[in-house]
Amino acid sequence: MTFHIRGLEAEPFAKLFQLDEAALKALGAKRVVADAPDMYPCRIALKRVEEGEELLLLNHAHQTNPGSPYRAAGPIFVSRSAKTGSYQGELPPMLRDRLLSLRAYDAKAFIVDAEVGEGGEVVSLIERFLANPEVAHVDAHFARRGCFAARIERA
Numbered sequence: 120m121t122f123h124i125r126g127l128e129a130e131p132f133a134k135l136f137q138l139d140e141a142a143l144k145a146l147g148a149k150r151v152v153a154d155a156p157d158m159y160p161c162r163i164a165l166k167r168v169e170e171g172e173e174l175l176l177l178n179h180a181h182q183t184n185p186g187s188p189y190r191a192a193g194p195i196f197v198s199r200s201a202k203t204g205s206y207q208g209e210l211p212p213m214l215r216d217r218l219l220s221l222r223a224y225d226a227k228a229f230i231v232d233a234e235v236g237e238g239g240e241v242v243s244l245i246e247r248f249l250a251n252p253e254v255a256h257v258d259a260h261f262a263r264r265g266c267f268a269a270r271i272e273r274a
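Residue numbers for the sequence shown follow the working numbering, beginning at 120 and rising by one.
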């Protein structure tokens with residue numbers, strides 16, 4: 120089963136980069152400059168940013184169905200310069216070498232299945248989940264910190 124992983128759209132976050140530190144703080148957000156390579160995963164580009172790149176750390180609602188007890192939001196990084204990443208049948212760079220929690224949801228946003236995996240086994244888990252006709256999409260989270268990483272859908 121072929122799958123598609125697409126980053127978040129940049130446009131809703133663009134205006135936030137214009138805010139000063141006080142306004143960001145009022146929203147529960149923070150401006151960050153990447154101080155090391157391979158540490159800051161941008162949810163728009165679906166890759167880790169280069170050292171020196173500007174990002175925002177903010178809360179993002181990724182599971183929003185009001186009829187589901189699995190509604191969820193959490194912290195994400197978004198980069199000022201990011202373009203929306205799109206990957207078909209392969210994992211984006213930021214997901215390839217991390218322990219991931221994968222949660223398969225039905226059309227009403229109820230969990231159908233879940234598993235933890237790393238590296239090549241993640242693709243097998245995604246394919247297994249999406250082979251189930253009950254599954255509408257899979258959400259990937261970084262297992263250690265629990266942050267939302269990306270949504271995975273059938274291609």
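Idealized CB from N, CA, C, for every residue including glycine.
CA-to-CA distance, S205 to N178, given in whole angstroms: The C-alpha of S205 is placed about 22 angstroms away from the C-alpha of N178.
Per-residue DSSP class, three states only, for V254: In the three-state scheme derived from DSSP, where H, G and I count as helix and E and B as strand, V254 is classed as coil.
Going by the beta-carbon positions, is the gap between I163 and A191 smaller than 8 angstroms? Contact: no.
At least 3 beta-carbon pairs within less than 8 angstroms: the segment 203-223 vs the segment 258-271: For the pair of segments examined, the segment 203-223 was found to touch the segment 258-271: the number of CB pairs separated by less than 8 angstroms reaches three.
Is the Cβ-Cβ distance between E170 and D154 less than 8 angstroms? For E170 and D154, yes; Cβs fall inside 8 angstroms.
Could you check what DSSP says for A259 in three-state terms: helix, strand or coil? It is a strand residue.
Taking C-alpha atoms, which residue in I230, G238, F267 and R150 lies nearest to L176? Nearest C-alpha to L176: R150.
Hey, quick one: how far does the alpha helix (DSSP H) through A133 stretch, first residue to last? Segment E130 to A133, the alpha helix (DSSP H) holding A133.
Where does K166 sit, in a helix, a strand or coil, going by DSSP? Looking at K166 - three-state DSSP - the assignment turns out to be strand.
Nearest to L210 by alpha carbon, out of P131, I271, A129 and Y159? Looking from the CA of L210, the closest CA among P131, I271, A129 and Y159 belongs to I271.
Do the CB positions of F122 and R273 come within less than 8 angstroms of each other? Yes, they are a contact pair.
If you drop the 5 nearest sequence neighbours on each side, which residues of the same chain put their C-beta closer than 8 angstroms to that of T203? Within the same chain, R125, G126, L127, E128, A129, I163 and A164 come within 8 angstroms of T203 by CB-CB distance, once the 5 residues on both sides are set aside.
Expressed to the nearest angstrom, what Euclidean distance is found between the alpha-carbon atoms of D282 and E140? The requested residue 282 is not part of the displayed model; the chain covers only 120 to 274.
Please classify P252: is it buried, with 16 or more other beta-carbons within 10 angstroms of its beta-carbon, or exposed? Its Cβ having fewer than 16 others within 10 Å, P252 is exposed.
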